[in-house]
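Trainee:
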Amino acid sequence: MAGPLALTLVLGLASLSFLMRATGALLPTLPPAVTERTSGLAPALLAALVAIQLTGSNGLLHLDVKVAAVLLAAGLAALRAPFIVCVIAGALVAALLRALFHL
Amino acid sequence: MDGQRSNRAILLAAAPIALAVLVFGISFGVLAVAARLPAWSVVLMSALVFAGSAQFAALGVIAAGGSVLTAVFAGALLNLRFVATGIAVARSLPGGRLRRAVLAQLSIDESYAMAARAGAPGRPHGRTLLLTGALLYAVWVAGTLVGSLLGPVLGDPKRLGLDAAFPAGFVALLWPMLSGRHAVRCAVGGVAAALLLAPFTPPGVPLAGAAIIGLWLAR
Chain A
1024 MAGPLALTLV LGLASLSFLM RATGALLPTL PPAVTERTSG LAPALLAALV AIQLTGSNGL
1084 LHLDVKVAAV LLAAGLAALR APFIVCVIAG ALVAALLRAL FHL
Chain B
214 MDGQRSNRAI LLAAAPIALA VLVFGISFGV LAVAARLPAW SVVLMSALVF AGSAQFAALG
274 VIAAGGSVLT AVFAGALLNL RFVATGIAVA RSLPGGRLRR AVLAQLSIDE SYAMAARAGA
334 PGRPHGRTLL LTGALLYAVW VAGTLVGSLL GPVLGDPKRL GLDAAFPAGF VALLWPMLSG
394 RHAVRCAVGG VAAALLLAPF TPPGVPLAGA AIIGLWLAR
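Protein chains in written order, with my numbering: chain A, 1024 to 1126; chain B, 214 to 432.
1. With 8 Å as the threshold, decide whether the Cβ of Pro1105(A) is near any Cβ in chain B.
2. Using beta carbons (cut-off 8 Å, strictly below), is Asp215(B) in contact with chain A?
3. Answer yes if the segment 351-371 of chain B comes into contact with the segment 242-251 of chain B, meaning at least three C-beta pairs across the two stretches below 8 Å, and no otherwise.
4. Pick out whichever of His338(B), Ala267(B) and Ser305(B) has its Cα sitting closest to the Cα of Ala329(B).
5. Once the 5 residues before and after Ala424(B) are set aside, which same chain residues still bring their CB inside 6 Å of it?
6. Assuming contact is defined by CB atoms lying nearer than 8 Å, are Ile183(B) and Gly346(B) in contact in what I supplied?
7. In this structure, what does DSSP give as the bridge partners for Arg336(B)?
8. Opposite Leu1129(A) in the DSSP bridges: which residues?
9. Specify the secondary structure class of Met1024(A) as computed by DSSP and reduced to three states.
10. In terms of alpha-carbon separation, which member of Leu1032(A), Leu1030(A), Leu1042(A) and Leu1068(A) lies closest to Met390(B)?
11. In or out: Pro1066(A) buried (at least 16 other Cβ within 10 Å) or exposed?
12. Report the option in Val236(B), Val296(B) and Leu261(B) whose CA atom is closest to the CA atom of Leu1049(A).
13. Using beta carbons (cut-off 8 Å, strictly below), is Ile230(B) in contact with chain A?
14. Just how far apart, CA to CA, sit Leu232(B) and Thr1061(A)?
15. Run down chain A in chain order and give the residues with a C-beta less than 7 Å from the C-beta of Gly288(B).
16. Please classify Arg294(B): is it buried, with 16 or more other beta-carbons within 10 angstroms of its beta-carbon, or exposed?
17. Near Leu1095(A), which residues of its chain fall below 7 Å by C-beta distance, leaving aside the five closest residues on each side in sequence?
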């Protein structure tokens, strides 16, 4: 990615994150009904991100090593493994399957 | 400010978390460089955004060929929970509005959790938030720097399965959130919205659809 584009990405995300963390100090009287609703964003977005990564442009499941990585990571997360263990295990199983079956 | 806990005790309690954040920072650096972000921008992102899951989500979008706008959108929405934690910590921080707005930048999931546990109900412990946050900030940026230098040495990202690290990470972030009916409903709704929109809309729209569904189903 070119420098200016990367800088746009970084500054865009940084400024929005700054404002969100600063909201409490700047506007302490935000109605709780507003903040409560935001709790639904993270699960919906993360689940959507997983779905997008595992499907093709036709919206159907695209069978490749990522499916195995997700299943393993989900299993480990269910066993309360730390986040980073799930990530590394997912990458390892993908690398292993690729090396074994030349995918 | 509320006393009792010594600075040393606070930092010792945060040490195991700091180690985990360091490893996460290194892997983030490796993945970001593998997704072809310039190393300087990766370290700058960790220094200015300081939010693992949001940075990870933004990077996942870029690695999958998405636009910068979609990546910022995905990352920022994941950070919206900081509006809620920001309100909770604001009263526990010292100084005027501006100073508190800056100090609140040290809140991430881990430092907030430590502060909430150390404080009274509804009133997180300010000094725990600041000390834990500062320690984790230092190791997060340092880890990212190490990872971004290490990345190019490791070779072809696909051979190492690094592309699969993103969906694996997303599902690992998602899983602990799935306690309670509301969260499961939001996750299922998000998947449905994304998959229904993906074939017909440009990238970014499916995520926006998932976000709207998430807000709608949250209560």
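Where is the CB? At the ideal position from N, CA and C, for every residue including glycine. Given the structure is predicted, the values throughout are model-derived calculations rather than measurements.
Mentor: Put simply:
1. yes
2. The predicted model places Asp215(B) with a pLDDT of 47, which falls under 50 and marks its position as unreliable, so this point remains unresolved.
3. yes
4. His338(B)
5. Leu290
6. As shown, chain B starts at 214 and ends at 432. That puts residue 183(B) outside it, with no answer to give.
7. Ala333(B)
8. Since the first residue of chain A shown is 1024 and the last is 1126, residue 1129(A) is not available in this structure.
9. coil
10. Leu1068(A)
11. buried
12. Val296(B)
13. no
14. 30 Å
15. Leu1036
16. buried
17. Ala1112, Gly1113 and Val1116
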